[in-house]
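*Asks:* With the working numbering applied, the sequence shown has no gaps in its numbers, which climb one by one up to 728 at the end.
Glycine included, each C-beta is placed from N, C-alpha and C at the ideal position.
First the structure, which I've put down as structure tokens, then a few questions once you've had a look.
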Amino acid sequence: MTATPLVETRGLGKVFDLPRDGFGPRPRLRAVDDVSLSIAPGEVLGLVGESGSGKSTIGRLVLRLIEPSSGSVAFDGRDITRMPASQLRPLRRSMQMVFQDPYASLNPRRNVGDAIAEVLALHGIGAAAERRERVAALLTQVGLSAEDAARRPREFSGGQRQRIAIARALAVGPRFLVADEPVSALDVSVQAGILALMRELQDGLGLAMLFISHDLGVVEVMADRVMVLYLGRVMEVAPTRAIYTTPRHPYSAGLLAAAPLLAGRERPAVQLRDEIPSPADPPSGCVFRTRCPFALPRCAEETPPLRPVGEGRQMACLRDDLVF
Ligand SMILES: Nc1ncnc2c1ncn2[C@@H]1O[C@H](COP(=O)(O)OP(=O)(O)OP(=O)(O)O)[C@@H](O)[C@H]1O
Ligand code: SF4
Ligand SMILES: [Mg+2]
Numbered sequence: 405m406t407a408t409p410l411v412e413t414r415g416l417g418k419v420f421d422l423p424r425d426g427f428g429p430r431p432r433l434r435a436v437d438d439v440s441l442s443i444a445p446g447e448v449l450g451l452v453g454e455s456g457s458g459k460s461t462i463g464r465l466v467l468r469l470i471e472p473s474s475g476s477v478a479f480d481g482r483d484i485t486r487m488p489a490s491q492l493r494p495l496r497r498s499m500q501m502v503f504q505d506p507y508a509s510l511n512p513r514r515n516v517g518d519a520i521a522e523v524l525a526l527h528g529i530g531a532a533a534e535r536r537e538r539v540a541a542l543l544t545q546v547g548l549s550a551e552d553a554a555r556r557p558r559e560f561s562g563g564q565r566q567r568i569a570i571a572r573a574l575a576v577g578p579r580f581l582v583a584d585e586p587v588s589a590l591d592v593s594v595q596a597g598i599l600a601l602m603r604e605l606q607d608g609l610g611l612a613m614l615f616i617s618h619d620l621g622v623v624e625v626m627a628d629r630v631m632v633l634y635l636g637r638v639m640e641v642a643p644t645r646a647i648y649t650t651p652r653h654p655y656s657a658g659l660l661a662a663a664p665l666l667a668g669r670e671r672p673a674v675q676l677r678d679e680i681p682s683p684a685d686p687p688s689g690c691v692f693r694t695r696c697p698f699a700l701p702r703c704a705e706e707t708p709p710l711r712p713v714g715e716g717r718q719m720a721c722l723r724d725d726l727v728f
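Below you can see the structure in the form of structure tokens.
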């Protein structure tokens with residue numbers, strides 16, 4: 405990457421303490437382990453992995469909605485890892501989030517115009533009249549109409565509600581957006597429209613984005629680069645086209661083989677074995693080894709480091725001889 409990153413993490417880790425089950429030491433869960441990522445201004449980094457791989461936790465860590473257990477987070481060249489809330493406040497405007505379920509984040513008793521205007525007021529943007537104008541412009545920008553400002557959330561479809569959530573996230577003019585499974589709750593027929601809108605807005609506004617999804621087909625539409633996560637660790641990072649045509653890590657290849665939306669292409673024939681192990685008790689060595697069809701005895705001993713494998717690509721597998 406040549407451009408100075410807008411968002412950068414180094415060795416990011418998050419450990420959760422779990423409730424004690426009987427006697428003995430308190431169990432701990434390493435949800436995110438040694439994750440270093442960077443996102444350039446205007447770039448979309450896709451974050452994929454199965455449920456429980458730590459995607460949402462990374463999203464919350466980079467926005468500093470939760471505190472890391474280790475490592476650092478920088479935004480626009482400033483280390484925000486231990487920045488006090490007072491200094492973080494003005495930066496919050498530049499970093500916004502869109503969630504999977506827009507209904508949960510919209511107050512059912514308020515009209516959507518007020519819900520959007522509220523965010524503007526919170527950040528001290530514009531007088532009341534200007535805010536109303538801005539709300540109308542935002543609603544139009546996301547494919548709704550100015551009149552929709554007077555309606556309540558329940559009067560909209562799921563897709564329309566996600567458009568409202570996007571309008572609200574963009575209201576304060578962010579430079580960076582974390583989108584956590586933004587279309588996963590929507591009908592497949594509605595997803596394409598929301599993705600097209602997000603891509604158009606992202607491109608037009610030059611937004612940097614961390615785009616989180618368990619769905620490889622969705623990530624392919626949105627992301628410039630893709631990071632594949634497994635049990636909190638990075639398995640592979642590569643430009644989107646590269647990872648979909650020539651995955652290098654067995655887990656990436658296995659995910660692609662299992663992706664229904666990508667049917668019709670020649671499949672790498674990698675079948676993932678067994679179930680995901682408990683994140684509270686991950687395998688030694690390579691965390692993926694219990695499901696890897698190519699595991700060798702040394703995979704139980706050595707933790708594969710993330711290493712460069714060609715132009716802008718990195719992966720964490722001990723083997724060099726695998727081609728998919
Ligand atoms: N507050 C918490 N306390 C304890 N464990 C947690 C907490 N938040 C997340 N976890 C655990 O951390 C791991 C990663 O969770 P996370 O929500 O980041 O995964 P995810 O990749 O977003 O999954 P999904 O696709 O289901 O949304 C999971 O094992 C989860 O149970
Ligand atoms: S290090 Fe071993 S177990 Fe891990 S992905 Fe590579 S071959 Fe499979
Ligand atoms: Mg999640």
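#1: Using a Cβ cut-off of 8 Å (strictly closer), state whether Asp607 contacts chain C.
#2: Just tell me which of Leu449, Gly456, Ser455 and Glu454 has its CA closest to the CA of Val466.
#3: Let's test the definition: count the other Cβ atoms within 10 Å of the Cβ of Thr461 and tell me whether it reaches 16, buried, or not, exposed.
#4: Would you kindly work out how many angstroms separate the C-alpha atoms of Met405 and Ile443, rounded to a whole number?
#5: Within the same chain, show all residues whose beta-carbon is closer than 7 Å to that of Glu624, passing over the 5 residues directly before and after it, in chain order.
#6: Taking its Cβ as the centre, do 16 or more other Cβ atoms sit within 10 Å of Glu447, making it buried, or is it exposed?
#7: Rank Leu469, Leu492 and Ile470 by C-alpha distance to the C-alpha of Asp480 and give the top, closest one.
#8: Mapping DSSP to helix, strand and coil, what is Leu422?
#9: Tell me, please, which residues DSSP counts as bridged to Arg414.
#10: Nearest to Leu574 by alpha carbon, out of His527, Arg693 and Arg482?
#11: Applying the 10 Å Cβ sphere with the 16-neighbour rule, what's the burial state of Ser593?
#12: Going by C-alpha to C-alpha distance, which of Val439, Gln500 and Glu454 sits closest to Ser755?
#13: On the DSSP bridge assignment, give the partners of Pro712 in chain order.
#14: When you compare only the Cα positions, how much space is there between Lys418 and Pro683?
#15: I'd like to confirm something about Thr461: is its beta-carbon nearer than 7 Å to some heavy atom of ligand 1, or not?
#16: To the nearest angstrom, how far is the alpha carbon of Ala646 from that of Pro494?
#17: Can you check DSSP and say which residues form a bridge with Leu449?
#18: Given that a residue counts as buried once 16 or more other Cβ atoms are within 10 Å of its Cβ, and exposed if not, what is Ala583?
#19: Cutting at 6 Å between CB atoms, please list the residues of its own chain near Pro423, excluding the five before and the five after it.
#20: Does DSSP classify Val727 as helix, strand or coil?
#21: Which residues bound the beta strand (DSSP E) around Ala508?
#22: Report back the beta-carbon spacing between Leu451 and Ile616 to the nearest angstrom; my notes put them in contact at under 8 Å.
#23: Quick one: grab the DSSP three-state call for Ile647.
#24: Count Cβ pairs between the segment 558-570 and the segment 512-524 that sit closer than 8 Å; are there 3 or more?
#25: Report buried or exposed for Phe580, applying the criterion of at least 16 other Cβ atoms within 10 angstroms of its Cβ.
#26: Buried or exposed for Leu416, please, with buried defined as at least 16 other CB atoms from any protein chain shown within 10 angstroms of its CB.
*Replies:* Checking against the coordinates, here is how it stands:
#1: Checking the listed chains, one finds no chain C in this structure; it contains a single protein chain.
#2: Locating residue 466 in the sequence shown gives position 62, counting from the first residue. The candidate whose alpha carbon is nearest that of Val466 is Leu449.
#3: If you number the sequence shown from 1, residue 461 lands on position 57. Buried is the call here.
#4: Taking the first residue of the sequence shown as position 1, residue 405 is located at position 1. Taking the first residue of the sequence shown as position 1, residue 443 is located at position 39. With a pLDDT of 48 at Met405, under the threshold of 50, the modelled position of this residue cannot be trusted; read the value that follows with caution. Taking the CA atoms as reference points, Met405 sits about 9 Å from Ile443.
#5: Working through the sequence shown from its first residue, we reach residue 624 at position 220. Thr644 and Tyr648, listed in sequence order.
#6: Working through the sequence shown from its first residue, we reach residue 447 at position 43. It is buried - the Cβ of Glu447 has at least 16 other Cβ atoms within 10 Å.
#7: Sequence index remark: in the sequence shown, residue 480 carries index 76 (1-based). When each option's Cα is compared against that of Asp480, the closest is Leu492.
#8: For the purposes of this step, residue 422 is taken as the residue at position 18 of the sequence shown. Three-state DSSP puts Leu422 in coil, outside helix and strand.
#9: On the sequence shown, position 10 is the one that residue 414 refers to. DSSP lists Ser476 as partners of Arg414.
#10: Here residue 574 refers to the residue found at position 170 when the sequence shown is read from its first residue. Leu574 has its Cα closest to that of His527, out of His527, Arg693 and Arg482.
#11: Position 189 of the sequence shown, counted from the start, is the residue given in the question as residue 593. Its Cβ having fewer than 16 others within 10 Å, Ser593 is exposed.
#12: Limits of the chain in this structure are 405 at one end and 728 at the other, which puts residue 755 out of reach.
#13: Your numbering for residue 712 matches position 308 in the sequence shown. DSSP lists Gln718 as partners of Pro712.
#14: As a first step, residue 418 must be located in the sequence shown, where it is residue number 14. As a first step, residue 683 must be located in the sequence shown, where it is residue number 279. Each residue's Cα considered, the two are about 12 Å apart.
#15: Along the sequence shown, read from residue 1 onward, the residue named residue 461 stands at position 57. Result yes, Cβ under 7 Å from ligand 1.
#16: Residue mapping note: residue 646 aligns to position 242 of the sequence shown, counting from 1. Residue mapping note: residue 494 aligns to position 90 of the sequence shown, counting from 1. Roughly 37 Å separates the two Cα atoms.
#17: For this step, residue 449 is matched to residue 45 along the sequence shown. Beta-bridge pairing links Leu449 to Leu614 and Arg629.
#18: Stepping through the sequence shown from its first residue, residue 583 is reached at position 179. Taking all protein chains in view, the Cβ of Ala583 is crowded by 16 or more other Cβ atoms within 10 Å, so the residue is classified as buried.
#19: Locating residue 423 in the sequence shown gives position 19, counting from the first residue. Cβ neighbours of Pro423 beyond the five flanking positions: none.
#20: Here residue 727 is taken as the residue at index 323 of the sequence shown, counted from 1. Under the three-state reduction of DSSP output, Val727 falls in the coil class, being neither helix nor strand.
#21: Translated into positions along the sequence shown, residue 508 becomes position 104. No beta strand (DSSP E) contains Ala508, which is instead part of the alpha helix (DSSP H) from Pro506 to Ser509.
#22: To locate residue 451, count along the sequence shown from 1; it is residue 47. To locate residue 616, count along the sequence shown from 1; it is residue 212. Contact holds; Cβ gap of about 5 Å.
#23: Residue numbering aside, residue 647 sits at position 243 when the sequence shown is read from its first letter. Note: Ile647 maps to helix in three-state DSSP.
#24: yes
#25: As a position in the sequence shown, residue 580 is number 176, starting the count at 1. Burial call: buried.
#26: For the purposes of this step, residue 416 is taken as residue 12 along the sequence shown, with counting starting at 1. Under this definition Leu416 is a buried residue.
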